[in-house]
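K.L.:
Line order of the protein sequences matches chains E and X.
Start counting the first sequence at 0; every next residue gets the next number (numbering that gives the first Met the number 0).
Start counting the second sequence at 0; every next residue gets the next number (numbering that gives the first Met the number 0).
Backbone N, C-alpha and C fix where the C-beta goes; we use that ideal spot for every residue, glycine too.
It should be emphasised that the depicted structure is a prediction, and the values quoted were computed from it without experimental measurement.
2 protein chains.
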Amino acid sequence: MRKKQVTIVDVAQEAGVSYATVSNVLNRRDVPLAEETIRRVEEAARRLGYRRNAAAASLSRQRSNELGLLLPGFGEYFGRFAEAMERTAYAHGYHLSVFSSSHHPELEQRHLEMMLQRRVDGLFCHGLALSPETTRLIVGDGTPIVLFNAWDWPPDIAIGVVNPDFRGACRGAVRHLYDRGCRSFAFAGGLYARATGVQRRLGFADGIASLPETVASAVLELDNVAHAEWPACIMAACAGGEPLGFVAFDDTIASRAMWRLQEQGIAVPERVKIVGVNNDSFAAHCHPGLTSIAISHERHAELAIGMMVAHLEGRTAAEAGTLDAAPSGERTMPLELIVRGSSA
Amino acid sequence: MRKKQVTIVDVAQEAGVSYATVSNVLNRRDVPLAEETIRRVEEAARRLGYRRNAAAASLSRQRSNELGLLLPGFGEYFGRFAEAMERTAYAHGYHLSVFSSSHHPELEQRHLEMMLQRRVDGLFCHGLALSPETTRLIVGDGTPIVLFNAWDWPPDIAIGVVNPDFRGACRGAVRHLYDRGCRSFAFAGGLYARATGVQRRLGFADGIASLPETVASAVLELDNVAHAEWPACIMAACAGGEPLGFVAFDDTIASRAMWRLQEQGIAVPERVKIVGVNNDSFAAHCHPGLTSIAISHERHAELAIGMMVAHLEGRTAAEAGTLDAAPSGERTMPLELIVRGSSA
DNA sequence: TTGAAAGCGCTAACAG
DNA sequence: CTGTTAGCGCTTTCAA
Numbered sequence: 000m001r002k003k004q005v006t007i008v009d010v011a012q013e014a015g016v017s018y019a020t021v022s023n024v025l026n027r028r029d030v031p032l033a034e035e036t037i038r039r040v041e042e043a044a045r046r047l048g049y050r051r052n053a054a055a056a057s058l059s060r061q062r063s064n065e066l067g068l069l070l071p072g073f074g075e076y077f078g079r080f081a082e083a084m085e086r087t088a089y090a091h092g093y094h095l096s097v098f099s100s101s102h103h104p105e106l107e108q109r110h111l112e113m114m115l116q117r118r119v120d121g122l123f124c125h126g127l128a129l130s131p132e133t134t135r136l137i138v139g140d141g142t143p144i145v146l147f148n149a150w151d152w153p154p155d156i157a158i159g160v161v162n163p164d165f166r167g168a169c170r171g172a173v174r175h176l177y178d179r180g181c182r183s184f185a186f187a188g189g190l191y192a193r194a195t196g197v198q199r200r201l202g203f204a205d206g207i208a209s210l211p212e213t214v215a216s217a218v219l220e221l222d223n224v225a226h227a228e229w230p231a232c233i234m235a236a237c238a239g240g241e242p243l244g245f246v247a248f249d250d251t252i253a254s255r256a257m258w259r260l261q262e263q264g265i266a267v268p269e270r271v272k273i274v275g276v277n278n279d280s281f282a283a284h285c286h287p288g289l290t291s292i293a294i295s296h297e298r299h300a301e302l303a304i305g306m307m308v309a310h311l312e313g314r315t316a317a318e319a320g321t322l323d324a325a326p327s328g329e330r331t332m333p334l335e336l337i338v339r340g341s342s343a
Numbered sequence: 000m001r002k003k004q005v006t007i008v009d010v011a012q013e014a015g016v017s018y019a020t021v022s023n024v025l026n027r028r029d030v031p032l033a034e035e036t037i038r039r040v041e042e043a044a045r046r047l048g049y050r051r052n053a054a055a056a057s058l059s060r061q062r063s064n065e066l067g068l069l070l071p072g073f074g075e076y077f078g079r080f081a082e083a084m085e086r087t088a089y090a091h092g093y094h095l096s097v098f099s100s101s102h103h104p105e106l107e108q109r110h111l112e113m114m115l116q117r118r119v120d121g122l123f124c125h126g127l128a129l130s131p132e133t134t135r136l137i138v139g140d141g142t143p144i145v146l147f148n149a150w151d152w153p154p155d156i157a158i159g160v161v162n163p164d165f166r167g168a169c170r171g172a173v174r175h176l177y178d179r180g181c182r183s184f185a186f187a188g189g190l191y192a193r194a195t196g197v198q199r200r201l202g203f204a205d206g207i208a209s210l211p212e213t214v215a216s217a218v219l220e221l222d223n224v225a226h227a228e229w230p231a232c233i234m235a236a237c238a239g240g241e242p243l244g245f246v247a248f249d250d251t252i253a254s255r256a257m258w259r260l261q262e263q264g265i266a267v268p269e270r271v272k273i274v275g276v277n278n279d280s281f282a283a284h285c286h287p288g289l290t291s292i293a294i295s296h297e298r299h300a301e302l303a304i305g306m307m308v309a310h311l312e313g314r315t316a317a318e319a320g321t322l323d324a325a326p327s328g329e330r331t332m333p334l335e336l337i338v339r340g341s342s343a
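As structure tokens, this is what we get:
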């Protein structure tokens, strides 16, 4: 077994004080301490290479100071989000552990179960995770949960939700394309991300409906269409001589479509103007640059962590009778359209 | 504070047995148990919604059954690796927590410190993390560490290392380009990833040296060169009428270069043939497709986790006098060249 | 086959 | 200002 660990008892002995005192020194609580004692204890701890045992501490203090983040995967979108979340949690004095289900429901449930067993102080969970089985794991457990990218979630499961405004952004994208001269439109979805796809589709429809004139529009399902067929599918939506406005589920689909169209000699942005979603790194480096909808992961993280921390602190404050539990709810985050060559 | 948690004591009471028995039942140890008791306890646990407290368990049993993974960031490369690691750890009966330092040394140290405080059973750490400060945190702690993508690490810090063979792969890339007719070569690095960049550079040099004839070659540093200048920089390395063979640090640099070259009317692959590294998802969807060096994250993960588990189990076996500590060391993983249009 | 009891390392009253 | 002490929830001998 691992080399016997150094405990506060050892440190106490080394410093010649009681081990409660060591705990006091090391946690710098509001307790008054003699300068000399502090020095001696810190010195002893350093000398012995003492490192606090987090399990013992959480057990004793009934909180772990740890937050958990459950992601569907570490793709570019969620990867960036995770990084922002880690930084933000850190800034708020918490530690964030990240788990990705790699799109495996089984792994996802297991991750969830582990976080609950570890009594994380709070949990961040993506909307797709809320299958009936998963939900059952969560419901009734006291752990506060903040959902993200969750548009259809069981009520009373979370203390709050924060969603990027894909709907509003797609609405805006249609308008942008119209302003650039498009008079017929197509949207290409991906079924694999249901809820988030629906939002985009709704936004696309909103956009079409709010145009000053009636235009032709189509919603495409390219999931089961061979890439080579994409241009034909897409161009079928084009009516009249004006360019077609094409809104894609994400940048991957957008760039793939762009390439296939160009390959067939269909000029982008002259014949087809394209808008993607996510502003992935390659959007700026393909040719032409891909107009895309960008999200500020920093702000997203700030909102999510903020909600959680407010709840956590609010709760302890409430216990102290200082404050009512902090209010929460559903927040929507505005997105930004980054215009590049593909819609020029 | 959180709703009082259900403990084994509650379960014991509900089932009418001692709480030691509950523990026995729930952990299905080698202890003989009466069928009836098992049933009663499980039933009670379910009814009460019992969930084991992981902190208490780790504290008591002196191991957490948890592994930690420290990444420099959640980019495509490490993101995929992290997913594979999670799956593999799971398959081996461990739980893996992932942390990314977002390239912030401060966050990185903190993550490390937390994992050590949490007494993870084992730690996976990328090579770039081994700054003097970080190394100091680790050294002397009993936690077993497996390093990955670490070419210059302090001895005695890790129980093993597993590295992708970027060097061999880049050597092969040069050969591939030569076979496709290139007679002058250039490599473009990125300083931001030192060790891994050095490996590629060495491989490039190896490749040049092993060619059947002497050729012109150049190593470029494009970090501080404006993108618009890249074509000029790159083409300066081109000698003679044959196409230039261009090996890039990664697919991002490769695709960016490809675009800039094409923009200036320099044909790829006719004038310049390009090979990238990482086989990022867009490599298959840019035009022309980008030839790239692919890594099997699955195999990488299997090697890393395997090393760790062997050590962990070997150690407990050794304690039991069954086995010597498992041997480990440095493993190199072969990579694969995926040939696409950019080097046709 | 079950239970009593001694910790695991640390925190948090509370008493001195 | 410092020390005593009673847990936190669970695991693990060792007796019964």
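Runs of 4 residues minimum, wholly inside the region 104-130 of chain E: which ones carry the alpha helix (DSSP H) assignment?
P.N.:
Within the region 104-130 of chain E, the complete alpha helix (DSSP H) runs of at least 4 residues are 104-116.
K.L.:
Say whether chain X places a C-beta atom closer than 8 Å to the C-beta of residue 229/E.
P.N.:
With 8 Å as the cut-off, residue 229/E does not count as an interface residue toward chain X.
K.L.:
Count the other CB atoms within 10 Å of the CB of residue 163/E; is the residue buried (16 or more) or exposed (fewer)?
P.N.:
It counts as buried.
K.L.:
Rounding to the nearest angstrom, what Cα-Cα distance links residue 48/E and residue 122/X in this structure?
P.N.:
When rounded, the distance between both Cα atoms is 19 Å.
K.L.:
Quick one: Cα of residue 322/X to Cα of residue 250/E, how far?
P.N.:
Its pLDDT being 49, under 50, residue 322/X is placed unreliably by the model, and nothing is read from it.
K.L.:
At the 8 Å Cβ level, is residue 290/X part of the contact set with chain E, yes or no?
P.N.:
False, the Cβ-Cβ gap to chain E never drops below 8 Å.
K.L.:
Which runs of the beta strand (DSSP E) spanning at least 3 residues fall entirely within the region 28-81 of chain X, listed in chain order?
P.N.:
If we require 3 residues or more, the beta strand (DSSP E) runs fully inside the region 28-81 of chain X come out as 65-70.
K.L.:
Less than 8 Å separating the beta-carbons of residue 254/X and residue 288/X?
P.N.:
In this structure, residue 288/X does not lie closer than 8 Å to residue 254/X by Cβ.
K.L.:
What is the DSSP secondary structure of residue 196/E, reduced to helix, strand or coil?
P.N.:
It is helical.
K.L.:
Look at the Cβ atom of residue 101/E, then the Cβ atom of residue 86/X, and state whether they are nearer than 8 Å.
P.N.:
A contact, by the Cβ cut-off of 8 Å.
K.L.:
Whole beta strand (DSSP E) runs in the region 207-246 of chain E with 3 or more residues, listed along the chain?
P.N.:
Listed in chain order, the complete beta strand (DSSP E) runs (minimum 3 residues) inside the region 207-246 of chain E are 215-220.
K.L.:
By the three-class DSSP mapping on this structure, what secondary structure does residue 341/E have?
P.N.:
The answer is helix: DSSP assigns residue 341/E an H, G or I state.
K.L.:
I'd like to know whether the C-beta of residue 81/E is nearer than 8 Å to at least one C-beta of chain X.
P.N.:
Judged by the 8 Å Cβ criterion, residue 81/E is in contact with chain X.
K.L.:
Taking residue 381/E as part of the alpha helix (DSSP H), name the residues at either end of that continuous run.
P.N.:
The structure shown does not extend to residue 381/E, since chain E spans only 0 to 343, so no value can be given for it.
K.L.:
Are residue 145/X and residue 65/X closer than 8 Å when you measure CB to CB?
P.N.:
No, the pair does not count as a contact, with Cβ atoms beyond the cut-off.
K.L.:
Taking the DSSP output, what are the residues bridged to residue 331/X?
P.N.:
162/X, per the DSSP bridge assignment.
K.L.:
Say whether the region 165-175 of chain E touches the region 234-246 of chain E, bearing in mind that this needs 3 or more beta-carbon pairs closer than 8 Å, one atom from each stretch.
P.N.:
The answer is yes - the region 234-246 of chain E touches the region 165-175 of chain E, with three or more Cβ pairs under 8 Å.
K.L.:
Which residue comes first and which comes last in the alpha helix (DSSP H) that contains residue 267/E?
P.N.:
Run containing residue 267/E: none; DSSP gives neither H nor E here.
K.L.:
Per DSSP, what kind of secondary structure is residue 156/E in: helix, strand or coil?
P.N.:
If DSSP states are grouped into helix, strand and coil, residue 156/E belongs with coil.
K.L.:
Quick one: does residue 78/X have its CB under 8 Å from some CB of chain E?
P.N.:
Yes - at least one Cβ of chain E is within 8 Å of the one on residue 78/X.
K.L.:
Can you tell me whether residue 45/X is buried or exposed? The criterion is at least 16 other CB atoms within 10 Å of its CB, across all chains shown.
P.N.:
Exposed, by the Cβ-count rule.
K.L.:
Name the DSSP beta bridge partners of residue 202/X, please?
P.N.:
Beta-bridge pairing links residue 202/X to no other residue.
K.L.:
Is residue 113/E close to chain X? Criterion is C-beta to C-beta, closer than 8 Å.
P.N.:
By this cut-off, residue 113/E is an interface position.
K.L.:
Roughly how many angstroms lie between the CA atoms of residue 5/E and residue 131/X, to the nearest whole one?
P.N.:
Using only the alpha carbons, I get a separation of about 23 Å.
K.L.:
Between residue 194/X and the rest of its own chain, which residues show a CB-CB distance below 8 Å, the 5 nearest in sequence each way excluded?
P.N.:
Contacts found: 126, 127, 148, 149, 150 and 151.
K.L.:
Alpha carbon to alpha carbon, what distance is there between residue 179/X and residue 188/X?
P.N.:
In a straight line, the C-alpha of residue 188/X is about 22 Å away from that of residue 179/X.
K.L.:
Using a threshold of 8 Å, state whether the C-beta atoms of residue 306/X and residue 159/X are closer than that.
P.N.:
Contact: yes.
K.L.:
Is the beta carbon of residue 116/X sitting closer than 8 Å to the one on residue 51/E?
P.N.:
Closer than 8 Å, so yes.
K.L.:
Can you pull the chain X residues whose beta carbon is under 7 Å from the beta carbon of residue 232/E, in chain order?
P.N.:
Simply none; closest approach about 17 Å.
K.L.:
Cβ atoms of residue 219/E and residue 186/E: under 8 Å apart, would you say?
P.N.:
Yes, they are a contact pair.
K.L.:
Do the CB positions of residue 303/E and residue 161/E come within less than 8 Å of each other?
P.N.:
Their beta carbons are under 8 Å apart, which means residue 303/E touches residue 161/E by this criterion.
K.L.:
Just to check my reading of the structure: residue 32/X and residue 168/X have Cβ atoms closer than 8 Å, yes? What is that Cβ distance to the nearest angstrom?
P.N.:
In fact, because the Cβ distance is near 55 Å, the residues do not count as touching under 8 Å.
K.L.:
Take residue 296/E as the anchor and find which of 278/E, 313/E and 308/E has the nearest alpha-carbon.
P.N.:
Cα-wise, what sits closest to residue 296/E is 278/E.
K.L.:
Out of 177/X, 226/X and 230/X, which one is the CA nearest neighbour of residue 209/X?
P.N.:
The residue with the shortest Cα to Cα distance from residue 209/X is 177/X.
K.L.:
What residues of chain X sit near residue 89/E, judged by a beta carbon separation below 8 Å?
P.N.:
Those are 106 and 109, listed as they occur along chain X.
K.L.:
Would you decide whether residue 198/X is buried or exposed? Buried here means 16 or more other CB atoms lie within 10 Å of its CB.
P.N.:
Buried: at least 16 other Cβ atoms inside 10 Å.
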